[in-house]
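Participant: These protein sequences, in sequence, are chains A and B.
Heads up: the first sequence runs through residues 1 to 350, numbered per UniProt numbering.
Heads up: the second sequence runs through residues 1 to 350, numbered per UniProt numbering.
Before anything else, here's the structure in question.
Number of protein chains: 2
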Amino acid sequence: MQTYNIALIGFGGVNRALAELIQERFSEPTEALGFGLRIVAITDLQLGTWQNDDGIDPAVALAVERGGNFAAFPGGSADVDNERVIKESSADIVVEATFTNPTTGEPAASHVRWALEAGKHVSTTNKGPVALFGPEFRQLADDHGVRFEYEGSVLSGTPSLKLVTQSLRGLNITGFEGILNGTSNFVLGQMAAGLSMADAVREAQELGYAEADPTADLGGSDVALKVQILANDVLGGSLTPADVSVQGIQDLDAAAVSEAVAAGGAIKLIGAATRNADGSIDASVRPVALAGDHALASIQGATNAIAFHTDLLGTVTISGPGAGRIETAYALLADIIAIDDARRLAGGTS
Amino acid sequence: MQTYNIALIGFGGVNRALAELIQERFSEPTEALGFGLRIVAITDLQLGTWQNDDGIDPAVALAVERGGNFAAFPGGSADVDNERVIKESSADIVVEATFTNPTTGEPAASHVRWALEAGKHVSTTNKGPVALFGPEFRQLADDHGVRFEYEGSVLSGTPSLKLVTQSLRGLNITGFEGILNGTSNFVLGQMAAGLSMADAVREAQELGYAEADPTADLGGSDVALKVQILANDVLGGSLTPADVSVQGIQDLDAAAVSEAVAAGGAIKLIGAATRNADGSIDASVRPVALAGDHALASIQGATNAIAFHTDLLGTVTISGPGAGRIETAYALLADIIAIDDARRLAGGTS
């Protein structure tokens, strides 16, 4: 059975969780997956670079302490040499999970481009490269006979893009509505329970749901990128980030929240898109007062959900975690499974 | 691209809906699916048998009026000759959607057995053959290099079995809870709104949600078969129907329903199974008072849902229709897509 060589670009929470999974269960080929995973390179801003085409023991890499670096290992260095590792290592798959600027998509976008141009499959959790350069990267992947996968950019490991491409094939998806940001959903839930927005945000920060600067979560820009990615993938659109109209919850009136609760429903920050009869797509992010029996009204706390509207099945809704290091690492694994599917379908059994 | 020959066993609502779909969009290979579908045989208790290995025009078959039969067509007969058609037609795939006795699994079980023994793939919507003879039929299919698929036996076309095998691969599913019967869920919803059970059942019958004899829906036996099928597929069990403990809602006290509503929650008929540390599986059907924030508490009306408990993602919940002729026909299409996947993965591209 196949063992894939992988390069981990960025060794923060998500790629560390993937390394743990590989160590615990996926280094050898399993019957469940049909393949094994071997780490041949790791780069990280703090830790430097470690490349070893014979394989890196995940346990050793994970044990490097804060403040340390990879320099002591054969093939290791304190320098961060992403470009060389991505272009020259023996990796079949580049797993990109750096911190990335959502406006420029960098440095993730360059990592993705280098990998695809070098004929390596890419799995990324970063929204920026997908939202900003999706068409270019899909074309690059096609041109080089490899896959560009990004399940983790939407609902972490909860299947959203892959639900559609794997388990809803043959359906015509006409639109979707989603709760695509756990922080804002948690804040709205606490406001529904009577807290002020300021107190709800503070609680979210204390619980680790919200960043010190919650602007991207509350203002809707995080959701907007996910709406754009979903609309392009699921509805066949070619939207740019600017095509999504965005209204966040930062100015939401507590009275409006109470009013929705009193009516038996809830205000939710809904990211949605619909394909019109002429093929155009309307995409938006805005707070919506949902009736109590709406499929998304009862999605609580940090849980995320998407209701897909389809021609043959009506509405199919999936909900699950939308964040978390292990949950997002599972998205990377799901991407690798899809890469393996594609390889096997192309006849490359081994 | 591939065109599959299919035999439709039973030409009631579901297989008629599939014939309509084939006529409207799937007779020629499409880019979305990569294959086309050609009906080469139809059998039906009322209409008799029509076999034509050159292909049957779905529109012509669908136009046969009530009280008529297939005798006038070349290869047609007023006799119902399931065994010959299943064994001798040129069908690659036998689509089994007859009315079937849930206690014996017949006549569907014989149809499935004949087809698999003849080296034909099977897609069925019937729970009986899966629940009663699942291990035998899976083995038979393996022995003959074909697939035995039955997505429609659980949530009609809403992906449940295939969600797990396609989009949750690599996860360890530790258990599930589901609302697996739309009739009983509708009745419970109406009781929550203040109706008596008798009035709620009458309304369900008027809306076509409930049979004249609602025993299987309210008593839990329909849910029990689905729990058994899911437990065996998703948790790797080998349960028989008798291994599922069953308590229906037929004797449920209206006061208990009101009490759950007053507490902000709901009573739901929950089909559930859990794998224990020793590998044994507890499986049950019973009314459960759910808190308002439970993932299944807000599933309304005839909608079905399953919450899968997993090791890496926590709980992932899917909801959608659990019945309907077009919805169930989509389950057959999803089965055929899985059959095609397996063929292509085995290297049989064409």
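Cβ coordinates follow ideal geometry from the N, Cα and C atoms, glycine included.
The model shown is predicted, which means the values in this text are computed figures rather than measured ones.
Let me know the secondary structure DSSP gives H111 of chain A once reduced to three states.
Facilitator: Translated into positions along the first sequence, residue 111 of chain A becomes position 111. The answer is helix: DSSP assigns H111 of chain A an H, G or I state.
Participant: How many Å lie between A192 of chain A and S123 of chain B at the Cα?
Facilitator: What you label residue 192 of chain A is simply residue 192 of the first sequence in a count that begins at 1. What you label residue 123 of chain B is simply residue 123 of the second sequence in a count that begins at 1. The straight-line gap from Cα to Cα measures roughly 47 Å.
Participant: What residues in its chain sit with their C-beta under 7 Å from that of S110 of chain B, if we drop five residues either side in the sequence?
Facilitator: Here residue 110 of chain B corresponds to residue number 110 of the second sequence, with the count starting at 1. Contacts found: none.
Participant: How long is the line joining the alpha carbons of V94 of chain B and E31 of chain B, rounded to whole angstroms?
Facilitator: Taking the second sequence and counting its residues from 1, one reaches residue 94 of chain B at position 94. Taking the second sequence and counting its residues from 1, one reaches residue 31 of chain B at position 31. Taking the straight line from one Cα to the other gives about 23 Å.
Participant: Would the segment 266-281 of chain A count as touching the segment 153-163 of chain A if we require 3 or more Cβ pairs under 8 Å?
Facilitator: As far as the Cβ criterion goes, the segment 266-281 of chain A does not touch the segment 153-163 of chain A, which means the pair count is below three.
Participant: Quick one: list the residues of chain B neighbouring T315 of chain A, beta-carbon separation under 9 Å, in chain order.
Facilitator: Residue 315 of chain A sits at position 315 when you count from the first residue of the first sequence. Here the neighbours are T303, S319, G320, P321.
Participant: What does Q166 of chain B reach in chain A if we use C-beta pairs closer than 7 Å?
Facilitator: For this step, residue 166 of chain B is matched to residue 166 along the second sequence. Per Cβ cutoff of 7 Å: Q166, S167.
Participant: Determine, using beta carbons only, whether A204 of chain B and Q190 of chain B come nearer to each other than 9 Å.
Facilitator: Counting from one through the second sequence, the residue named residue 204 of chain B turns up at place 204. Counting from one through the second sequence, the residue named residue 190 of chain B turns up at place 190. Result yes, Cβ atoms of A204 of chain B and Q190 of chain B sit closer than 9 Å.
Participant: Give the range of the beta strand (DSSP E) segment to which E96 of chain B is assigned.
Facilitator: The sequence position of residue 96 of chain B within the second sequence is 96, counting from 1. 93-96 is the extent of the beta strand (DSSP E) around E96 of chain B.
Participant: Grab me the residues of Q51 of chain B's own chain with a C-beta within less than 6 Å of its C-beta, minus the 5 sequence neighbours each way, in chain order.
Facilitator: Indexing the second sequence from 1 puts residue 51 of chain B at position 51. Taken in chain order, the residues that qualify are A41, G75, V85, S89.
Participant: When burial is assigned at 16 or more other CB atoms within 10 Å of the CB, is P135 of chain B buried or exposed?
Facilitator: If you number the second sequence from 1, residue 135 of chain B lands on position 135. Exposed: under 16 other Cβ atoms inside 10 Å.
Participant: Check the C-beta distance from N304 of chain B over to P287 of chain B and give it rounded, since I have them as a contact under 8 Å.
Facilitator: For the purposes of this step, residue 304 of chain B is taken as the residue at position 304 of the second sequence. For the purposes of this step, residue 287 of chain B is taken as the residue at position 287 of the second sequence. At roughly 16 Å, the Cβ-Cβ gap does not stay under 8 Å, so N304 of chain B and P287 of chain B are not in contact.
Participant: What would DSSP say about D278 of chain B, mapped onto helix, strand or coil?
Facilitator: Translated into positions along the second sequence, residue 278 of chain B becomes position 278. DSSP places D278 of chain B in coil when its eight states are reduced to three.
Participant: Have a look at T158 of chain A and V64 of chain B and give me their C-alpha separation to the nearest angstrom.
Facilitator: Taking the first sequence and counting its residues from 1, one reaches residue 158 of chain A at position 158. Taking the second sequence and counting its residues from 1, one reaches residue 64 of chain B at position 64. Looking at the two C-alpha atoms, the distance is approximately 46 Å.
Participant: Under 8 Å, with one C-beta from each stretch per pair, do the segment 297-313 of chain B and the segment 172-190 of chain B reach the 3-pair mark?
Facilitator: Yes, since at least three Cβ pairs between the segment 297-313 of chain B and the segment 172-190 of chain B fall closer than 8 Å, the two stretches touch.
Participant: In terms of residue numbering, what span does the beta strand (DSSP E) encompassing T124 of chain B cover?
Facilitator: Locating residue 124 of chain B in the second sequence gives position 124, counting from the first residue. Counting along the chain, the beta strand (DSSP E) containing T124 of chain B begins and ends at 121-124.
Participant: Does M1 of chain B pass the burial test, meaning 16 or more other C-beta atoms within 10 Å, or should it be called exposed?
Facilitator: As a working note, residue 1 of chain B is residue 1 in the second sequence. M1 of chain B comes out exposed.
Participant: I'd like to check one pair, E327 of chain A with G314 of chain B: are the Cβ atoms closer than 9 Å?
Facilitator: The residue given as residue 314 of chain B occupies position 314 in the second sequence. The residue given as residue 327 of chain A occupies position 327 in the first sequence. Yes.
Participant: Closer than 8 Å by C-beta to R325 of chain B: which residues in its own chain qualify, once you throw out the five before and the five after it? Chain order, please.
Facilitator: If you number the second sequence from 1, residue 325 of chain B lands on position 325. Excluding sequence neighbours, R325 of chain B sits near G13, V14, R16, A17.
Participant: Tell me which same chain residues have a C-beta within less than 6 Å of the C-beta of I22 of chain A, skipping the five on either side of it?
Facilitator: The residue labelled residue 22 of chain A in the question sits at position 22 within the first sequence. Answer for I22 of chain A: L37, P58, listed in chain order.
Participant: Contact criterion: CB-CB distance below 9 Å. Does T158 of chain A meet it with respect to chain B?
Facilitator: Taking the first residue of the first sequence as position 1, residue 158 of chain A is located at position 158. It does; some Cβ of chain B falls within 9 Å.
Participant: Mind listing which residues of the segment 323-335 of chain A have their C-beta closer than 8 Å to chain B's C-betas, in chain order?
Facilitator: Residues passing the 8 Å Cβ filter: I326, E327, A329, Y330, L333, A334.
Participant: Apart from the five residues just before and just after E83 of chain B, which ones in its own chain have a Cβ nearer than 7 Å to its Cβ?
Facilitator: Position 83 of the second sequence, counted from the first residue, corresponds to residue 83 of chain B. The answer, listed in chain order, is W114.
Participant: How is the alpha helix (DSSP H) around D143 of chain A delimited, first residue to last?
Facilitator: Mapped onto the first sequence, residue 143 of chain A falls at position 143. That run of the alpha helix (DSSP H) goes 127-143.
Participant: Taking only three categories from DSSP, how would you classify Y209 of chain A?
Facilitator: Numbered from 1 along the first sequence, position 209 holds the residue referred to as residue 209 of chain A. Looking at Y209 of chain A - three-state DSSP - the assignment turns out to be coil, as it is neither helix nor strand.
Participant: How is the alpha helix (DSSP H) around V164 of chain B delimited, first residue to last?
Facilitator: On the second sequence, position 164 is the one that residue 164 of chain B refers to. Per DSSP, V164 of chain B belongs to no alpha helix (DSSP H) and is neither H nor E.
Participant: Taking the Cβ atom as the reference point for each residue, do G208 of chain B and F99 of chain B lie within a distance shorter than 9 Å?
Facilitator: Residue mapping note: residue 208 of chain B aligns to position 208 of the second sequence, counting from 1. Residue mapping note: residue 99 of chain B aligns to position 99 of the second sequence, counting from 1. No, these two residues do not count as a Cβ contact at 9 Å.
Participant: Closer than 7 Å by beta-carbon distance: list the chain A residues that pair up with R344 of chain B, in chain order.
Facilitator: Here residue 344 of chain B refers to the residue found at position 344 when the second sequence is read from its first residue. The answer, in chain order, is L345.
Participant: Alpha carbon to alpha carbon, how far is A331 of chain B from L33 of chain B? Give it in angstroms, no decimals.
Facilitator: By 1-based counting over the second sequence, the position of residue 33 of chain B is 33. By 1-based counting over the second sequence, the position of residue 331 of chain B is 331. For L33 of chain B and A331 of chain B, the distance between alpha carbons rounds to 14 Å.
Participant: Could you name the residues of the same chain whose beta carbon sits closer than 7 Å to that of T349 of chain B, not counting the 5 residues immediately before and after it, in chain order?
Facilitator: For the purposes of this step, residue 349 of chain B is identified with residue 349 of the second sequence, where counting begins at 1. At T349 of chain B, the pLDDT of 47 sits below 50, so the modelled position is not reliable; the number obtained from the coordinates is stated separately. For T349 of chain B, where only same-chain residues beyond five positions count, there are no Cβ hits under 7 Å.
Participant: Is the segment 219-234 of chain A touching the segment 147-155 of chain A in the sense that three or more CB pairs, one from each, lie closer than 8 Å?
Facilitator: Short answer: they touch.
Participant: Quick check on A17 of chain A: does DSSP put it in helix, strand or coil?
Facilitator: One-based indexing of the first sequence puts residue 17 of chain A at position 17. Residue state, collapsed to three classes: helix.
Participant: If distances are taken between C-alpha atoms only, which option among B:A260, B:A212, B:I270 comes closest to S245 of chain B?
Facilitator: On the second sequence, residue 245 of chain B is found 245 positions in, with the first residue counted as 1. Considering only alpha carbons, the answer is B:I270.
Participant: Assuming I336 of chain A contacts Y4 of chain A under a Cβ cut-off of 8 Å, what Cβ separation, rounded to an integer in Å, is found between them?
Facilitator: In the first sequence, residue 336 of chain A corresponds to position 336, counting from 1. In the first sequence, residue 4 of chain A corresponds to position 4, counting from 1. That belief holds up - the Cβ atoms of I336 of chain A and Y4 of chain A are roughly 7 Å apart, short of 8 Å.
Participant: At 4 residues or longer, what runs of the alpha helix (DSSP H) sit wholly inside the segment 253-304 of chain A?
Facilitator: For the segment 253-304 of chain A, whole alpha helix (DSSP H) runs of length 4 or above, ordered along the chain, are 254-262.
Participant: Could you work out which residues of chain B lie near S258 of chain A, taking near to mean beta carbons separated by less than 7 Å?
Facilitator: Within the first sequence, the letter at position 258 stands for residue 258 of chain A. By Cβ distance, chain B contributes nothing, its closest Cβ being about 16 Å from S258 of chain A, past 7 Å.
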